[in-house]
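If you count by the working numbering, then the sequence shown holds residues 170 to 906, one letter each, in order.
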Amino acid sequence: MPENTQPSVIGKPQIRIDGPFKVSGTAMYATDHNFPGMLYGVPVEATIASGKIQKLDTSAAEKMPGVRAIFHRANIGKISRSTPGEGFERICVERRPPFEDDVVRYYGQYVALAVADTFEVAKAAADAVRVTYDKQKPNVEADLQPDDDPEEIATTYGPVKRLQSERGDPENAFAKAAVKINQTYATPSETHNPIELQAATAIWDGDKLTIYEESQSIFNMRDVIAQMFGLPKENVRVITKFVGSGFGSKLWPWTHCPLACAAARQLGRPVKLILSRRMTFQSAGHRARTQQLVSLQHDYVYERSMLDNYHEDCGEATAFHYSVPNLRVKFGRAKRHIGTPSDMRGPGAVPGLYATESAMNELADELKMDPVKLRVLNEPKIDESLGIPFSSRHYVECLELGAEKFGWSKRNAQVGSMKQNGLTLGWGMAGAAWVAARFPAAASIELRDDGTVRVASGTQDIGTGTYTILAQLAAQKTGVALDKVEVALGDTTLPEGPISGGSMATGSLVPAVFAAADNAITSLLSIATTTPGSPYEKRKSDDLAFEGGRVFVKADGPSGGVPFADLLRRANVRLVSGHGSAEATFGEKKPKFSTHSFGCHFVEVTWQPEIARLRVNRVVTVIDAGRIINPLAGRNQIEGAVVMGIGMALLEHTTYDPQNGAPINSNLADYMVAVNADVPPLDVHFLDFPDKEINELGARGIGEIGLAGIAAAITAAVHHATGVRVRELPVTLDKLI
Ligand code: MOS
Numbered sequence: 170m171p172e173n174t175q176p177s178v179i180g181k182p183q184i185r186i187d188g189p190f191k192v193s194g195t196a197m198y199a200t201d202h203n204f205p206g207m208l209y210g211v212p213v214e215a216t217i218a219s220g221k222i223q224k225l226d227t228s229a230a231e232k233m234p235g236v237r238a239i240f241h242r243a244n245i246g247k248i249s250r251s252t253p254g255e256g257f258e259r260i261c262v263e264r265r266p267p268f269e270d271d272v273v274r275y276y277g278q279y280v281a282l283a284v285a286d287t288f289e290v291a292k293a294a295a296d297a298v299r300v301t302y303d304k305q306k307p308n309v310e311a312d313l314q315p316d317d318d319p320e321e322i323a324t325t326y327g328p329v330k331r332l333q334s335e336r337g338d339p340e341n342a343f344a345k346a347a348v349k350i351n352q353t354y355a356t357p358s359e360t361h362n363p364i365e366l367q368a369a370t371a372i373w374d375g376d377k378l379t380i381y382e383e384s385q386s387i388f389n390m391r392d393v394i395a396q397m398f399g400l401p402k403e404n405v406r407v408i409t410k411f412v413g414s415g416f417g418s419k420l421w422p423w424t425h426c427p428l429a430c431a432a433a434r435q436l437g438r439p440v441k442l443i444l445s446r447r448m449t450f451q452s453a454g455h456r457a458r459t460q461q462l463v464s465l466q467h468d469y470v471y472e473r474s475m476l477d478n479y480h481e482d483c484g485e486a487t488a489f490h491y492s493v494p495n496l497r498v499k500f501g502r503a504k505r506h507i508g509t510p511s512d513m514r515g516p517g518a519v520p521g522l523y524a525t526e527s528a529m530n531e532l533a534d535e536l537k538m539d540p541v542k543l544r545v546l547n548e549p550k551i552d553e554s555l556g557i558p559f560s561s562r563h564y565v566e567c568l569e570l571g572a573e574k575f576g577w578s579k580r581n582a583q584v585g586s587m588k589q590n591g592l593t594l595g596w597g598m599a600g601a602a603w604v605a606a607r608f609p610a611a612a613s614i615e616l617r618d619d620g621t622v623r624v625a626s627g628t629q630d631i632g633t634g635t636y637t638i639l640a641q642l643a644a645q646k647t648g649v650a651l652d653k654v655e656v657a658l659g660d661t662t663l664p665e666g667p668i669s670g671g672s673m674a675t676g677s678l679v680p681a682v683f684a685a686a687d688n689a690i691t692s693l694l695s696i697a698t699t700t701p702g703s704p705y706e707k708r709k710s711d712d713l714a715f716e717g718g719r720v721f722v723k724a725d726g727p728s729g730g731v732p733f734a735d736l737l738r739r740a741n742v743r744l745v746s747g748h749g750s751a752e753a754t755f756g757e758k759k760p761k762f763s764t765h766s767f768g769c770h771f772v773e774v775t776w777q778p779e780i781a782r783l784r785v786n787r788v789v790t791v792i793d794a795g796r797i798i799n800p801l802a803g804r805n806q807i808e809g810a811v812v813m814g815i816g817m818a819l820l821e822h823t824t825y826d827p828q829n830g831a832p833i834n835s836n837l838a839d840y841m842v843a844v845n846a847d848v849p850p851l852d853v854h855f856l857d858f859p860d861k862e863i864n865e866l867g868a869r870g871i872g873e874i875g876l877a878g879i880a881a882a883i884t885a886a887v888h889h890a891t892g893v894r895v896r897e898l899p900v901t902l903d904k905l906i
């Protein structure tokens, strides 16, 4: 439908349609669902990081009143391994099913499970299980040296070559370079801390299994769990109506989910299993520690667990971000006795860009050049790593607008030279990039005889605004007001929707919802032309048009026409429906375009050396993410990412105890994230260059790009204020004094 003939709901700030449910407490999160006879499970966590279970004494725990069972390797029943499917299917980072063997490979690995009538009794019983270990010294060494790995390795997402990208002769070019930067940057292990804890409630009905879980990808979870329990996938239903955020930690199934399913199977009762905050630090993923050597080469090492192959792709943006004839990107891995790392908001690119953008800033300083100018001078015309054009790249415009909004021209590059109200100011900037693509998606639309519309897709809303986006897309195509659109998501009985990951849900949904609407409208027009007594009975469908919720004769124009609800009522049809789907572009073997979003951050910090007080005082962020469907939710995404970036730069790091391998700051008091008091006013701007390669609206994703580059901008500002280069995050105050 032409967008210029009716008022558009696309690109207008829309408040969340699910907001009232959240503020009134009626939004049902995964653990809000309770069932008759439901039992509670609490896992027993290993208190060593390396060794073997010698003896498991469950006798005291089993005798506690209200305890239904203590499960362990001998009595949990069969849980099979899952395997990856073709393409992006059945992704699971920690493949080992719980209790598969007696070996402990990380602190907090589940070694038993107490199930009881109440959570409190289950917790007491879990605490009463006595485990004796044959204990070995764990390797949680922070300094990462690459293990001996083959040139091509298996990863969670399939095989990957360790030499990711190469062009020209980087070694020779570096040897001859007039100015050289050759620095190592380190990013620590970080742990996702969404407010909502991970949890699973499993209910069996014969050989049918229903799981309530706060998943970022319900269909993937269905497929993994179906395989682990030997079920056809149509026998497994996953329901996720609301998610209290995820940051990637809820993308793939963790071992608590099969544990809840197995316990429920053994006991014939629903079992709910909620992780503690500490458990989420141990066994539900984290961002891998990285060490990255950047020159004309980008060599990086990341940590991984003993069994799993999670790949932290720090080179994601390196090979295309700037024009450079000689370049090499290569990685290695280092095994540690830790729970497996996994995706965390902007996986790979976020730590990667911290290193490469920091190196760009250091190079600019060496050259005594404005870091903005250095970036503009090295703007590539095409993606030089693939030799194909960008679908839409407006990075230079981001830099120009950011510099203008920030007042960058007033910068004095001299360290410590800028003062304000008795404080030393530090200014820094950095660029950002994040992949854009589509996952496969399907959706359905119903037009109903009461003038309402229902749009459905089995995707998730992880707090990012997907309910509202789906309503906007349906409203745009049907002309119905937003409050007349019902949105259904978060259930594997719905058409298969995209994962809420990679910032790709919105972009993937656009073509699926639009195709579904077109099909529903086709069905409506055929009713209009075939129903006896219809005003359009003698017409052909081709003569008719649908716009703004009304059917009209094309030749007469849209001023007349009949509301679709009238046509349905006349025909005694309650609803017409349409189904639509769209293919993935993610992982295309021979893409025609290089598709990414771009952006930049300009940061001001204040520094008081007398009291060692460092504050982020001002941030200007400009994002080129194509068309923004909901600027209100969109701005909120970028602001949230910048807040997380302040935490990444200054606060967040998970520390492992060298003695027992435990993540020792595994709670929200000791693991610091940025809070309101750390965050200044944030000034977010979106460019508006629709990217029609992604979908017909030109909308790319915005969930992750806001976190890319921000830490490098902050460390540059810290250097400008203090003269100290911090190359290992976070910038704790001891590094500045
Ligand atoms: Mo994001 S790490 O793809 O949830």
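Glycine included, every Cβ here is placed at the ideal spot set by N, Cα and C.
E269 to L282, Cα distance in whole Å? Approximately 14 Å, taken between the alpha carbons.
Where does F343 sit, in a helix, a strand or coil, going by DSSP? In this structure, F343 counts as helix in the three-state DSSP scheme.
Spatial neighbours of E665 within its chain, please: CB distance less than 6 Å, with the 5 preceding and 5 following residues excluded, ordered by chain position. Result list for E665: F388, A611, G627, in chain order.
Contact set, ligand 1 heavy atom to C-beta under 7 Å: Any residue whose Cβ sits closer than 7 Å to a heavy atom of ligand 1 makes the list: Q385, G415, F416, G417, L420, D512, M513, R514, G515, P516, S669, G670, G671, S672, G872, E873.
Pull up the distance between the alpha-carbon of V774 and that of H889, whole angstroms please. If I take the Cα positions, the gap works out to 9 Å.
Could you pull out every residue in the same chain whose Cβ sits closer than 6 Å to the Cβ of S554, ignoring the five residues on either side in sequence? Only S334, A488, F489 meet the Cβ criterion.
Under 9 Å between C-beta atoms of A199 and V545: Not in contact: A199 and V545 (Cβ atoms no closer than 9 Å).
Could you check which residue in R237, R242, A229 has the C-alpha nearest to that of M207? By alpha-carbon distance to M207, the top candidate from R237, R242, A229 is R237.
Please state whether DSSP places G878 in a helix, a strand or coil. Coil.
So for E779, helix, strand or coil by DSSP? It is coil, neither helix nor strand.
For the beta strand (DSSP E) holding I443, just list the boundary residues, first then last. Here the beta strand (DSSP E) through I443 covers 440-443.
In the DSSP output, which residue or residues are listed as bridge partners for W596? According to DSSP, W596 bridges with E773.
If we count Cβ pairs, one from each stretch, closer than 8 Å, do we get three or more for the segment 712-722 versus the segment 788-806? Contact between the segment 712-722 and the segment 788-806 is absent: fewer than 3 CB-CB pairs across the two stretches fall below 8 Å.
Would you say K349 faces chain C, with C-beta separation under 9 Å as the test? Judged by its chain identifiers, the structure shown contains no chain C, having just a single protein chain.
Can you list, in chain order, the residues of its chain with a C-beta nearer than 7 Å to that of Q183? Leave out the 5 residues immediately preceding and following it. Non-local C-beta neighbours of Q183 in its own chain, meaning closer than 7 Å and more than five positions away in sequence, comprise T637, Q641, L651, N799, L801, ordered along the chain.
Compare the beta carbon distance of E873 and A453 with 9 Å and say whether it is the shorter of the two. No. Outside cutoff.
Taking Cβ positions, are R782 and V772 nearer each other than 9 Å? Inclusion of R782 and V772 in the CB contact set at 9 Å is not warranted, their separation being larger than that value.
For the candidate residues L465, S464, E481, Q466, whose alpha-carbon lies nearest to that of E472? Residue E481 holds the alpha-carbon nearest to the alpha-carbon of E472 among L465, S464, E481, Q466.
Using a 10 Å radius around the Cβ and a threshold of 16 neighbouring Cβ atoms, would you call N173 buried or exposed? Annotation note: pLDDT 42 at N173 (below 50); position unreliable, no value reported.
Cβ neighbour criterion (16 or more within 10 Å) applied to A346: Under this definition A346 is an exposed residue.
Other residues of its chain near R336: CB distance less than 6 Å, five sequence neighbours each side excluded: Answer for R336: L496, listed in chain order.
Nearest by alpha-carbon distance to Q822: which of D839, D512, I807 is it? Per the sequence shown, residue 822 should be read as His rather than Gln. That would be D839, whose Cα lies nearest to the Cα of H822.
I179 - DSSP class collapsed to helix/strand/coil: I179 falls in the coil class under three-state DSSP.
Just checking, does the segment 454-464 make contact with the segment 351-360 on the three C-beta pairs under 8 Å criterion? Touching, per the Cβ criterion.
Ignoring anything shorter than 3 residues or poking outside the segment 365-422, list the beta strand (DSSP E) runs there in chain order. Within the segment 365-422, complete beta strand (DSSP E) segments of at least 3 residues are found at 368-374, 377-382, 405-408, given in chain order.
Name, in chain order, the residues that DSSP records as bridge partners for Q589. DSSP lists L592 as partners of Q589.
Could you name the residues that DSSP lists as bridge partners for H765? As a beta-bridge residue in DSSP terms, H765 pairs with V604.
Taking DSSP as the reference, what is the three-state secondary structure of K646? K646 falls in the helix class under three-state DSSP.
S750 lies in the beta strand (DSSP E); which residues open and close that run? From DSSP, the beta strand (DSSP E) with S750 extends over 744-751.
Under 6 Å Cβ to Cβ from R446, same chain only, skipping five residues before and after it: list those, please. Here the set comprises N836.
Rounding to the nearest angstrom, what Cα-Cα distance links L663 and G747 in this structure? Going from the Cα of L663 to the Cα of G747 covers about 13 Å.
Inter-residue spacing [alpha-carbon to alpha-carbon] between A644 and V654: The straight-line gap separating the alpha-carbon atoms of A644 and V654 is approximately 7 Å.
Pick from K232, S692, H770, P832 that is closest to L736, judged by C-alpha positions: Among K232, S692, H770, P832, the Cα nearest to that of L736 belongs to S692.
Through-space distance from D630 to P171, alpha-carbon basis: Interpretation of P171 is limited by its pLDDT of 42, a score under 50 that renders its predicted location unreliable; the figure taken from the coordinates is listed afterwards. Cα to Cα, the separation comes out at about 28 Å.
Return the CA-CA distance between D226 and T216, expressed in angstroms with no decimal places. If you take the alpha carbons of D226 and T216, they lie about 15 Å apart.
What residue range does the alpha helix (DSSP H) around G676 cover? Element bounds for G676: 674-699.
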